[in-house]
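Position 382 (the sequence shown) corresponds to 382 in the UniProt record's numbering; numbering is contiguous.
Cβ coordinates follow ideal geometry from the N, Cα and C atoms, glycine included.
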Amino acid sequence: MDWGTDLWDQYDIIDKHTQSGLELVEKYVKFVKERTEIEQNYAKQLRNLTKKYNPKRGCKEEQECRFSNHQSFLDILNEMNDYAGQRELIAENMMMNICIELTKYLQELKMERKTHLSEAKKAQQSLESTYKQLDSSKKRFEREWREADKAVQYAEKTDQDINATKADVEKAKQQANMRTHIAEECKNDYAAQLQKYNKEQSQFYFSDMPLIFNKLQDMDERRVRKLAQGYVLFSDTERHVMPIIGKCLEGVTKAGTNVNERNDSIALIEQYKSGFERPGDLDFEDYSQGINRASSDSSLGTLGTPKGPLELLGKNRSKPFWLFSKKSKRFTSERIIVMPTVTEDFGHLPPEQRRKRLQQKLDDIGKELQKEVDQSAALEKMKDVYEKNPQMGDPASLSPQINQTAQNVERLRGEFNKYESWLTEAGRRGDSMLRRDTLREDALSYRSHSFNNNGSTHEPYSPDGTHSEEGTPDPSQAIYAEFDDDFEEEEEELVAPIGQCTAMYNFPGASEGTITMQEGEVLSVVEEDKGDGWTRVRRANGNEGYIPTSYVSISLSK
């Protein structure tokens, strides 16, 4: 996985990420410098320093902690707080080995980053210049063709006019021929400019920008690696003069060695990868066939992928998609970005990011549900002990906790089913179904061991888990049967097709959750477009996935 392939449309994210990395290096250098100044003040000032550099809750720095190099910096601060109060450190070695070296390396990284961004801007400007030439030639072709059409009509009208002289007719025909010739030249020029632009656009998106992004990735990974070495040096300097705090220093070393530049790059990709495809070539618009200007403009920015980077990134569909946001020197009210409304089912996110967020939510709920189920089992055992040994406690005193635990389990199961249905809708169901079955068994096991708060006795169980009395029905069996029936009904509703669709174009289905499709192929529609531009379909062999709604002709069953 690399930035040039997976983050081709995330220029702003890469720009901010690399800048944030350089700021982290500066922050770390400043941190070490300030520590050398206050080291003589021992524990109190050392704790104040760690507190100063700990990020505040909800700020930008806290969000960066998902990267190992950022998290390692926070781990170092925590370790410093642990050995606060110990002997002062040798500040001179820290200044020479960390501050000076990182400051020198930081200047080199800044120059390298500036060079790469300059190359990206030049490539963007070159593409924009070619597009302006294309637009100019297209407008000229449109204008000259209209003039040629008028000249031809005027020549025909003059030829039919009985009062017009032969010279007038010849002049009108010559003018019409000249205008037609000029229009043909403009048409050929427009075709050549279009071919040139499409070639440069392909070069820009598939070669130039991926190369630049990969260079930035390599630079960022080297920065992370160098910063990790600085973290390790931070501990090594102390270890030589303070063996008494060796245990804490090992934690700092671990924080430095845990930094993995490759994992940080993959984490950035996993977080911001949109899963969309690059824009396709522009279509040739032949004004000689009667295409008006309005329809041309409206189709200029249509790149054929529904809910792609154009819509979700807020780009103007009337122009081609640029990777770079054009920043003006002045801030105006027109530049205020309206963020999408955050919904509980994460429907505002791209498909891949939505599935990840839903899966994360399911895992959290599953852990909480498992905790409640374990707690209910513990309360059950405690109640058994109280019933057998009344001197140890009153079994009735556990009823409020038992009832509360039962309510929590029911609430969490409801939330788990709700988010699981959204995850199924988003296109990933397999792994969560296994967890659902496991959690249902735990929840149902809890239900089968539920307590009678009206004073009924608890039936004993044999060591192998079976009931000790023959002929007594197992309440869990009825509950299992009830849930199996509900689950089968849910499955039948999910797989029932609601119509058919015919593919009008080929679709590669490269993104996770999508399905490949060939032109002319007939598929069953499982789920309609929810407004995000994607329709869920199924092949005859049972394979399911999402396809762009605009790529197919849909016929729903009545």
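Cβ neighbour criterion (16 or more within 10 Å) applied to residue i
i: Glu410; result: exposed
i: Arg536; result: buried
i: Asp6; result: buried
i: Lys361; result: buried
i: Asn542; result: Checking the sequence, you will find Gly at residue 542 rather than Asn. When all chains shown are included, Gly542 counts as exposed.
i: Val25; result: buried
i: Asp75; result: buried
i: Pro351; result: buried
i: Arg57; result: exposed
i: Gly4; result: buried
i: Ala426; result: buried
i: Gly366; result: buried
i: Lys16; result: exposed
i: Ala120; result: buried
i: Met209; result: buried
i: Gly545; result: buried
i: Gln10; result: buried
i: Ser129; result: exposed
Residue span of the beta strand (DSSP E) that contains residue i, given as start and end
i: Gly251; result: Where Gly251 is concerned, there is no enclosing beta strand (DSSP E), although the alpha helix (DSSP H) it sits in stretches over Gly246 to Thr257.
i: Ser555; result: Val552 to Leu556
i: Pro548; result: Glu544 to Pro548
i: Trp8; result: Note, Trp8: premise wrong, no beta strand (DSSP E); not H, not E.
Beta-carbon spacing of residue i, residue j below 8 Å
i: Asp149; j: Thr158; result: no
i: Glu79; j: Val252; result: yes
i: Ala267; j: Arg66; result: yes
i: Ala503; j: Val552; result: yes
i: Ala256; j: Val241; result: Sequence check: residue 256 is Gly here, not Ala. Result no, Cβ atoms of Gly256 and Val241 do not sit closer than 8 Å.
i: Leu109; j: Arg223; result: yes
i: Glu387; j: Pro400; result: no
i: Leu49; j: Glu34; result: yes
i: Glu261; j: Leu249; result: no
i: Asp220; j: Gly21; result: yes
i: Ile182; j: Glu144; result: yes
i: Tyr53; j: Leu77; result: yes
i: Gly533; j: Thr514; result: no
i: Thr36; j: Met94; result: yes
i: Ile13; j: Phe213; result: no
i: Phe416; j: Leu369; result: yes
i: Leu358; j: Leu379; result: no
Contacting residues, own chain, Cβ-Cβ under 8 Å from residue i (five flanking each side not counted)
i: Asn263; result: Ser68
i: Gly499; result: Ser524, Val525, Ile554, Ser555, Leu556 and Ser557
i: Asp281; result: Asn198, Gln201 and Ser202
i: Gln518; result: Ala503 and Asn506
i: Gln125; result: none
i: Lys215; result: His116
i: Val259; result: Ser68, Asn69, Ser72, Val224, Arg225, Leu227, Ala228 and Tyr231
i: Gly414; result: none
Cβ neighbours of residue i in the same chain (closer than 6 Å, five flanking residues each side left out)
i: Thr180; result: Ala148
i: Glu101; result: none
i: Tyr205; result: Arg278
i: Gly230; result: Ile98 and Leu102
i: Tyr190; result: Ser137, Lys138 and Phe141
i: Ser445; result: With a pLDDT of only 47 at Ser445, under the threshold of 50, the placement of this residue in the model should not be trusted; the figure read from the coordinates follows. Excluding positions up to five away in sequence, the list is empty.
i: Asp364; result: none
For residue i, the residue or residues it bridges with in DSSP
i: Val29; result: Bridge partners of Val29: none, in fact.
i: Cys501; result: Leu523 and Ile554
i: Trp534; result: Pro548
i: Phe507; result: Met517
Extent of the continuous alpha helix (DSSP H) to which residue i belongs
i: Thr343; result: Thr343 -> no alpha helix (DSSP H), and no H or E assigned at all.
i: Leu211; result: Met209 to Val241
i: Gln124; result: Glu101 to Gln160
i: Met382; result: Pro351 to Lys388
i: Leu423; result: Ser399 to Ala426
i: Asn163; result: First-last for Asn163: undefined, no H or E at that position.
i: Asp2; result: Counting along the chain, Asp2 falls outside any alpha helix (DSSP H), and DSSP gives it neither H nor E.
i: Tyr272; result: Glu261 to Tyr272
i: Ser288; result: No alpha helix (DSSP H) contains Ser288, which DSSP labels as neither H nor E.
i: Asn48; result: Tyr42 to Tyr53
Residue i Cβ short of 7 Å to the ligand MN heavy atom set
i: Arg411; result: Annotation note on the ligand MN: not contained in the displayed structure, which lists no ligands.
Close-in-space but distant-in-sequence residues of the same chain around residue i (CB under 7 Å, 5 per side omitted)
i: Thr332; result: Because Thr332 carries a pLDDT of 41, less than 50, the predicted location of this residue cannot be relied on, and the following value inherits that uncertainty. Once the five neighbours on either side are set aside, Thr332 has no close Cβ partner at all.
i: Asp345; result: Trp422
i: Asp82; result: Cys248
i: Ser288; result: Trp145 and Lys187
i: Leu134; result: Gln193, Leu194 and Tyr197
i: Leu127; result: Glu200, Gln201 and Phe204
i: Phe31; result: Tyr53
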